[in-house]
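Before any comments, here is the structure.
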Amino acid sequence: MSDGTVQRGRGTVFVRKEICKGCSYCIDFCPTKCLGFSKDFNAKGYHYPDLARPADCSGCDMCGLYCPDFAIYGMRYRDLEKATAGAGTAADGAAKQA
Amino acid sequence: MSQNLAIAADEREYPVENPVIPYLRQERIPHIWCPGCGIGTTVNCFARALTESKRDLDQVAIVSGIGCTGRVAGYLNLDSFHTTHGRAIPFATGLKLSNPKLKVVVYSGDGDLFAIGGNHFVHAARRNMDLTVICVNNFTYGMTGGQLAPTTPIGASQTTMPYGNFENPFNLPFLADACGAVYVARWTVFHVKQLTRAMHEAISKPGFTFVEVLAPCPTLYSRRNKLGDGVDQVKYYKERSVVKHGAATKEVALGFQGDIVVGKFVDRERETWLDGMNAHFEKVLGPRYRRYGE
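As you go down the protein sequences, you meet chains A and B in turn.
Just so you know, we're using the working numbering here: the first sequence kicks off at 1 and counts up by one.
Just so you know, we're using the working numbering here: the second sequence kicks off at 1 and counts up by one.
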């Protein structure tokens with residue numbers, strides 16, 4: 001897939017792959033089935049989730065609700081743009097969100 | 001990886017923080033719960049229920065006993081107390097009565113709340129103490145090695161019941177209902193939205209409120225009974241759950257891998273212990289009595 005042809009869905013997910021334990025809750029209970037296991041694994045040897053079908057992701061954050069390790073969360077691009085608009089750095093955006 | 005910058009990015013570069021992060025003690029994450037354990041999911045739902053309730057987090061205290069679920073108090077960035085085995089409810093009662101403005105939540109497991117601390121649960125519910133009790137029920141003693149718990153269904157194998165359990169387990173919603181809890185609900189970790197809502201309702205309601213959450217224990221209960229991984233148990237919850245709001249709590253007992261009746265069973269009004277005490281002493285002592293906790 002070249003960079004120009006990637007389909008963008010309505011939302012995306014963020015994964016803190018270092019703390020994922022590969023339980024696959026997010027993958028099995030994703031309403032749009034857009035997640036899959038990554039080929040890579042983290043330092044503990046677990047395969048963390050990956051946005052396998054980005055065009056299907058609606059950013060509903062069900063993965064974030066299910067994740068027992070607080071390692072994944074989803075967001076709609078609409079909210080993401082709102083949260084990051086005007087904020088110079090990531091930290092500012094996070095503070096605003098909190 | 002190049003096609004997805006969001007995932008490839010290091011966590012420090014995330015544009016937005018996970019909404020649960022402010023509720024957690026970051027220095028203690030990753031937590032000790034096994035892969036596939038459902039307790040983390042309940043914590044997730046609890047954090048979101050707190051967000052929905054819009055409470056001042058300085059006025060929320062969380063009390064846990066001993067066990068896997070007892071670790072929750074250590075991970076939540078609230079005023080939290082990790083008490084001795086089974087004594088979460090008496091501690092919470094004392095905390096509530098010494099500072100009646102606090103919202104006190106007891107977050108513990110089935111063994112802690114109903115075996116070692118069973119008596120305390122019964123009496124706190126009888127008095128209608130203003131507490132919220134969240135019980136994560138995984139049908140076993142997880143931390144100590146899979147012994148028989150008072151909630152283990154008949155037929156399930158445990159390390160102290162290697163030929164299968166023959167003891168009748170507790171029906172927790174029935175027990176809470178009979179003792180006088182004003183709010184009783186049961187959900188599983190599959191029902192995250194409903195669970196968040198139930199926790200929100202339980203926190204918002206004055207009086208003794210009780211939420212039972214069924215969670216898988218993949219390491220001990222599931223492995224010993226050959227039930228697969230944590231996610232297989234959650235799939236079983238998905239397939240066999242029947243939502244029955246207002247169901248008679250007598251009929252919601254759990255069998256081994258049988259149907260699970262979930263929903264909000266009890267929602268009623270009763271005078272809390274503090275209100276009862278104030279009303280009683282005003283009646284008996286008249287103007288000599290100053291109301292406590294207002």
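Note that the Cβ used here is the ideal one computed from N, Cα and C, for glycine as well.
Since we're looking at a predicted model, the values are computed, not measured.
Would a C-beta distance cut-off of 8 Å place residue i and residue j closer than the cut-off?
i: residue 266 of chain B; j: residue 244 of chain B; result: no
i: residue 182 of chain B; j: residue 159 of chain B; result: no
i: residue 34 of chain A; j: residue 71 of chain A; result: no
i: residue 173 of chain B; j: residue 189 of chain B; result: no
i: residue 187 of chain B; j: residue 198 of chain B; result: yes
i: residue 96 of chain B; j: residue 129 of chain B; result: yes
i: residue 105 of chain B; j: residue 134 of chain B; result: yes
i: residue 121 of chain B; j: residue 89 of chain B; result: yes
i: residue 230 of chain B; j: residue 241 of chain B; result: no
i: residue 125 of chain B; j: residue 180 of chain B; result: yes
i: residue 165 of chain B; j: residue 152 of chain B; result: yes
i: residue 58 of chain A; j: residue 84 of chain A; result: no
i: residue 42 of chain B; j: residue 213 of chain B; result: yes
i: residue 68 of chain A; j: residue 39 of chain B; result: yes
i: residue 85 of chain B; j: residue 56 of chain B; result: no
i: residue 141 of chain B; j: residue 77 of chain B; result: no
i: residue 60 of chain A; j: residue 11 of chain A; result: yes
i: residue 69 of chain B; j: residue 20 of chain B; result: no
i: residue 200 of chain B; j: residue 73 of chain B; result: no
i: residue 127 of chain B; j: residue 273 of chain B; result: yes
i: residue 65 of chain A; j: residue 37 of chain B; result: no
i: residue 81 of chain B; j: residue 63 of chain B; result: yes
i: residue 87 of chain B; j: residue 67 of chain B; result: no
Could you check where the alpha helix (DSSP H) with residue i kicks off and where it finishes?
i: residue 200 of chain B; result: 192-204
i: residue 77 of chain A; result: 77-84
i: residue 276 of chain B; result: 273-285
i: residue 72 of chain B; result: 72-75
i: residue 49 of chain A; result: From DSSP, residue 49 of chain A is part of no alpha helix (DSSP H) but of the beta strand (DSSP E) over 49-51.
i: residue 29 of chain A; result: Taken as a continuous stretch (DSSP letters only), residue 29 of chain A belongs to no alpha helix (DSSP H), as it is neither H nor E.
i: residue 64 of chain A; result: 62-66
i: residue 91 of chain B; result: 88-98
By the DSSP assignment, the beta strand (DSSP E) with residue i in it spans what residues?
i: residue 137 of chain B; result: 131-137
i: residue 61 of chain B; result: 60-64
i: residue 212 of chain B; result: 209-214
i: residue 81 of chain B; result: 79-82
i: residue 232 of chain B; result: No beta strand (DSSP E) holds residue 232 of chain B; the alpha helix (DSSP H) holding it covers 230-240.
i: residue 260 of chain B; result: 260-267
i: residue 12 of chain A; result: 11-15
Under 8 Å between C-beta atoms, does residue i make it to chain A?
i: residue 18 of chain B; result: yes
i: residue 57 of chain B; result: no
i: residue 262 of chain B; result: no
i: residue 350 of chain B; result: Nothing can be reported for residue 350 of chain B: it is not among the residues displayed for chain B, which extend from 1 to 294.
i: residue 122 of chain B; result: no
i: residue 45 of chain B; result: yes
i: residue 175 of chain B; result: no
i: residue 100 of chain B; result: no
i: residue 6 of chain B; result: For residue 6 of chain B, the pLDDT reaches just 36, beneath the cut-off of 50, and the residue's location in the model is therefore unreliable, although a value from the coordinates is still provided. At least one chain A Cβ lies under 8 Å of residue 6 of chain B.
i: residue 221 of chain B; result: no
i: residue 192 of chain B; result: yes
i: residue 24 of chain B; result: yes
i: residue 15 of chain B; result: yes
Using a beta-carbon distance below 8 Å, is residue i in contact with chain B?
i: residue 58 of chain A; result: no
i: residue 84 of chain A; result: yes
i: residue 77 of chain A; result: no
i: residue 31 of chain A; result: no
i: residue 14 of chain A; result: yes
i: residue 65 of chain A; result: yes
i: residue 70 of chain A; result: yes
i: residue 97 of chain A; result: For residue 97 of chain A, the pLDDT reaches just 47, beneath the cut-off of 50, and the residue's location in the model is therefore unreliable, although a value from the coordinates is still provided. It does: the Cβ of residue 97 of chain A has a partner Cβ on chain B nearer than 8 Å.
i: residue 35 of chain A; result: no
i: residue 90 of chain A; result: Since pLDDT at residue 90 of chain A reaches only 47, below the 50 mark, its modelled position is unreliable, and no value is offered.
Which residues of chain C have a Cβ atom closer than 7 Å to the Cβ of residue i, listed in chain order?
i: residue 22 of chain A; result: Among the chains of the structure shown, chain C does not appear; the protein chains present are A and B.
What are the residues of the stretch 26-43 of chain B that lie near chain A, defined by any Cβ-Cβ distance shorter than 9 Å? 29, 30, 31, 33, 34, 35, 36, 37, 38, 39, 40, 41, 42 and 43
What residues in the stretch 71-90 of chain B have a beta carbon less than 7 Å from any beta carbon of chain A? Flagged: no residues at all.
If you scan the stretch 110-184 of chain B from start to end, which runs of the alpha helix (DSSP H) of 4 or more residues do you find wholly inside it? 118-127 and 172-179
Mind checking the stretch 228-247 of chain B against chain A and listing, in chain order, the residues whose C-beta falls within less than 9 Å of any C-beta there? 229, 230, 231, 234, 235 and 238
Alpha helix (DSSP H) runs contained entirely in the stretch 21-68 of chain B, provided each spans 4 or more residues: 39-53
Positions along the stretch 125-136 of chain B whose CB lies within less than 7 Å of some CB in chain A: none
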